[in-house]
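**Q** Here my numbering is used: the first residue of the sequence shown is 3, the next is one more, and so on.
Where is the CB? At the ideal position from N, CA and C, for every residue including glycine.
The structure presented is a predicted model; accordingly, all values stated were derived computationally and were not measured.
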Amino acid sequence: MPGTYFEYKLGNGGFTDKIVSSDHNKSGRNYNMRVRYYSWGATDTAYFRLAEAGLMAYDQETGGETIDIPANPTTGFTWMESDNSWKYVIKATDAELTTPQGMYKNLLIIQATQLTGRDKEKMSQYHNYYAPGIGFVASMIEGQLVCYLTEHKIGDKE
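(1) Once the 5 residues before and after residue 80 are set aside, which same chain residues still bring their CB inside 6 Å of it?
(2) Count the C-beta pairs between the region 125-144 and the region 100-109 that are closer than 8 Å, then say yes if the count reaches three, no if not.
(3) What first and last residue would you give for the beta strand (DSSP E) that runs through residue 35?
(4) Along the chain, which unbroken stretches of the beta strand (DSSP E) at least 3 residues long are found entirely within the region 33-99?
(5) Does the beta-carbon of residue 25 have 16 or more other beta-carbons within 10 angstroms, so that it is buried, or is it exposed?
(6) Just mark residue 151 as buried or exposed, buried being the case when its beta carbon has 16 or more other beta carbons within 10 Å.
(7) For the beta strand (DSSP E) that residue 111 lies in, which residues bound it at each end?
(8) Rounded to a whole number of angstroms, what is the C-alpha to C-alpha distance between residue 12 and residue 29?
(9) Would you mind stating whether residue 64 and residue 46 have Cβ atoms separated by less than 8 Å?
(10) Measuring straight from C-alpha to C-alpha, what distance separates residue 125 and residue 99?
(11) Considering residue 16, what are the terminal residues of the beta strand (DSSP E) in which it resides?
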């Protein structure tokens, strides 16, 4: 929903995700546009929509869609990026995690494994943590917290 934002700590910097609009038509489907603003000045744009299968992400390079978060996640559920560059596995649906911002419960953990080296600037494997009603709250690499949510606002709520 437009007006939603999430701020994250990442290393010595961070990034802010903002949902800036909800009316982008891609391949006949309507998507929310998310712009990510990095503390070092870079930006990137992604497109997401809710579907029966879950939260879907549109791949701007291939024109395909990938499940970002499944609608009914179960431990062991596996899927691939639309171009087969990443493999995703649900590792847990009831995890807990403590970050410098506090403790989260009932977390979904999605293991993301890069298969092709397409994203050379990224690590080969992440464990991403998602909280009900919030979404992405943290990422771990080899058991180390590398990124975590510091602040968020949903839509026009105060």
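**A** Taking the structure as given:
(1) Same-chain partners within the cutoff: 91.
(2) A contact between stretches requires three or more CB pairs, one per stretch, nearer than 8 Å, and the region 125-144 meets this requirement with the region 100-109.
(3) Taken as a continuous stretch (DSSP letters only), the beta strand (DSSP E) holding residue 35 covers 31-40.
(4) With a minimum length of 3 residues, the continuous beta strand (DSSP E) runs that stay inside the region 33-99 are 45-53, 56-60, 67-72, 80-82.
(5) Its Cβ having fewer than 16 others within 10 Å, residue 25 is exposed.
(6) That one is buried.
(7) 104-116 is the span of the beta strand (DSSP E), which, as asked, contains residue 111.
(8) Cα to Cα, residue 12 sits roughly 33 Å from residue 29.
(9) With respect to residue 46, residue 64 sits apart: the two C-beta atoms are not nearer than 8 Å.
(10) Approximately 21 Å between the Cα atoms of the pair.
(11) Residue range 15-28 is occupied by the beta strand (DSSP E) that includes residue 16.
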